[in-house]
Every structure is written in structure tokens, then in C-alpha cells.
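In my numbering, the protein residues as written are 18 to 117.
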């Protein structure tokens, strides 16, 4: 695995990432981050619900989510919703403000 595709550990759990050479930014799998940080037993559903809310409210950050092909547990690459560090922070703040 090279710098462009790697797995970071957060609290001993994997978070899939991809390096964007042109923008010089790391992109993180949103599902992996939600699974580590949110109190959700079904992170895919959590993200699906949050995406709907973001889109309904015309939240600009929704347009900045990118789909990148990241490796999965079965060793294959699948299109995965990803965000850079700043976008993840904005999503987290939005969620905290709107849902609490």
C-alpha cells in the first residue's frame, strides 16, 4: 500500500484514506470516521440520514463530498464517500448543532 492509498488507525480501528496529490490533502472514508466517532450501531444508515438532511437544507458541504475508490475488507476497491479533514469537521459541527 502506498501513500496514495493507506489505512490510518484511530483508537486501534482502521480508517481508509486516500492522498490527493494535486490538492495535497488526505481524504477519509466518511463511513469509517462515523463508525469510530458517532454513537451509531449502523454507520451507513447514519451517514445516509445525514446526507439527506444536508441535501434538503442546501448545505454546501454536501457538494464537496467526493467518491473515491477505496479498498474494502474483501480486498476490492469500491466507490466510497470521502471528505478531507476540514469537511469532516464541518459535518461534525453541523451534526452537533442540528441534532442536539
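Backbone N, C-alpha and C fix where the C-beta goes; we use that ideal spot for every residue, glycine too.
Excluding residues up to 5 positions away in sequence, 53 lie with their Cβ nearer than 7 Å to the Cβ of residue 30 in the same chain. Between the stretch 59 to 77 and the stretch 35 to 43, the count of Cβ pairs shorter than 8 Å is below three; the stretches do not touch. In this structure, 99 is the residue among 112, 111, 99 and 109 with its C-alpha nearest to the C-alpha of residue 49. Minimum Cα-Cα distance from residue 35 among the listed residues 110, 89 and 65 corresponds to 89.
Membership of residue 49 in the alpha helix (DSSP H) is indicated by the continuous run 47 to 54.
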